[in-house]
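K.L.:
The structure is given below, and queries will be raised subsequently.
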Amino acid sequence: MITANQYFRERFGHKMYKASISLNVTCPNRDGSKGVGGCVFCSEGGSGEFASCCRDSIGETVRKAIDKVKDKAGDNAGYIAYFQSFTSTYCEASYLADALKQASAVEGVEAVSIATRPDCLGPEILDVLKEQAERMPIFVELGLQTSNDVTARKINRCYETKEYVEAVGNLKFIGANVITHIIFGLPGEDSKMMMDTVRFCRDSGTDGYKFTCLYVLQNTALQKMWEDNEVEILQMEEYFDIVEEAIGLLPEDAVIHRFTGDGPKKILLAPEWTKNKRQVINYINRRFGL
């Protein structure tokens, strides 16, 4: 196992920080083309509550996002322009190409990272990503969450798992680094099903992993499921037992970009333990020897 910090230092020669921004995009399971309402756990912000909105040009928005973390980053750090919210390739190819060019031109940006879905990577979008990969390193984050299509229907993911396999192959062919998002604790899933997802991602050839526990945000479909006792939320040690088992299935060069996520405190309903980020980080460092 390699942590993201270790990987970035080795690849870029110094620490890297993400400058998170939001493009003017939505998702195919929000606008009615495949579904409405989004995934059951997704807030109105599309998981981008910590990202800067693009009210200015893309370049200026990236610069402002860098300014937010510059004091913490220091003089020797580099930056990843991170297109975080919703589905950042669910747009016209020309719009994405312009956004990537502007972001890449910002001083200090050494890579870009794009959060998207496997079903939003058509030929024209792949051509844009290939051009970017030739310009500078590109990371494409795929929101898989689970390899189980029954669970996927429960959470309103609105695409079949086989599309993920095709997307990984296409992305690696054009030179992108693939990071896969996996959620542990989804409704109806036991430990075996969660490990099946980890094995599936490993065997599909993903380069990196982002793990998170399922958490409940206000005004989401998951809130009602949680209030109706249709889903149990994992406690901290229980969750990290699952993470440890998952890591044991991965090759030594697998990069763990995230051990767990933390929802915005203002709208987070459960689990409570994720609210104390410092405590969680300390626990992760002790448990995994980081």
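Here the working numbering is used: the first residue of the sequence shown is 143, the next is one more, and so on.
No residue lacks a Cβ here, since even glycine has one placed at the ideal position from N, Cα and C.
1. Residue 193: buried (16+ other C-beta within 10 angstroms of its C-beta) or exposed?
2. Cutting at 6 Å between CB atoms, please list the residues of its own chain near residue 248, excluding the five before and the five after it.
3. Return the first residue and the last residue of the alpha helix (DSSP H) that residue 227 is part of.
4. How many whole angstroms separate the CB atoms of residue 301 and residue 221, which I take to be in contact at a CB cut-off of 8 Å?
5. Expressed to the nearest angstrom, what Euclidean distance is found between the alpha-carbon atoms of residue 384 and residue 304?
6. Roughly how many angstroms lie between the CA atoms of residue 219 and residue 426, to the nearest whole one?
7. Name, in chain order, the residues that DSSP records as bridge partners for residue 431.
8. Using a threshold of 8 Å, state whether the C-beta atoms of residue 411 and residue 368 are closer than that.
9. Runs of 4 residues minimum, wholly inside the stretch 149 to 186: which ones carry the alpha helix (DSSP H) assignment?
10. On the DSSP bridge assignment, give the partners of residue 319 in chain order.
11. Which runs of the alpha helix (DSSP H), 4 residues or longer, sit entirely within the stretch 343 to 385?
12. From 151, 269 and 224, pick the residue whose C-alpha is nearest to that of residue 251; which is it?
13. Could you check whether the stretch 230 to 247 touches the stretch 165 to 176, counting it as contact only if at least three pairs of C-beta atoms, one from each stretch, sit closer than 8 Å?
14. I'd like the list of long-range same chain contacts for residue 319, defined as Cβ closer than 6 Å, with 5 residues on each side in sequence excluded.
15. Since I believe residue 229 is in contact with residue 184 (beta carbons under 8 Å), could you give me their beta-carbon distance rounded to a whole number of angstroms?
16. Once you ignore the five residues that flank residue 154 on each side, which residues in its own chain have a CB closer than 7 Å to its CB?
17. Quick check: what's the CA-CA separation for residue 266 versus residue 428?
18. Can you give me the start and stop residues for the alpha helix (DSSP H) that residue 202 sits inside?
19. Between the stretch 304 to 314 and the stretch 256 to 265, can you find at least three pairs of beta-carbon atoms closer than 8 Å?
P.N.:
To lay it out plainly:
1. Residue placement at residue 193 is poorly supported in this model, since its pLDDT is 48, which falls under 50; the coordinates still yield a value, given next. The residue in question, residue 193, is buried, as its Cβ has 16 or more Cβ neighbours within 10 Å.
2. 201, 204 and 205
3. No alpha helix (DSSP H) contains residue 227, which DSSP labels as neither H nor E.
4. Incorrect: roughly 31 Å between the Cβ atoms, too far for contact.
5. 24 Å
6. 24 Å
7. Answer is none; residue 431 lacks a bridge partner.
8. yes
9. none
10. 281
11. 363 to 369
12. 224
13. yes
14. 281 and 349
15. With 8 Å as the limit, residue 184 and residue 229 do not qualify as a contact, their Cβ atoms being about 11 Å apart.
16. 220 and 252
17. 45 Å
18. 200 to 215
19. yes
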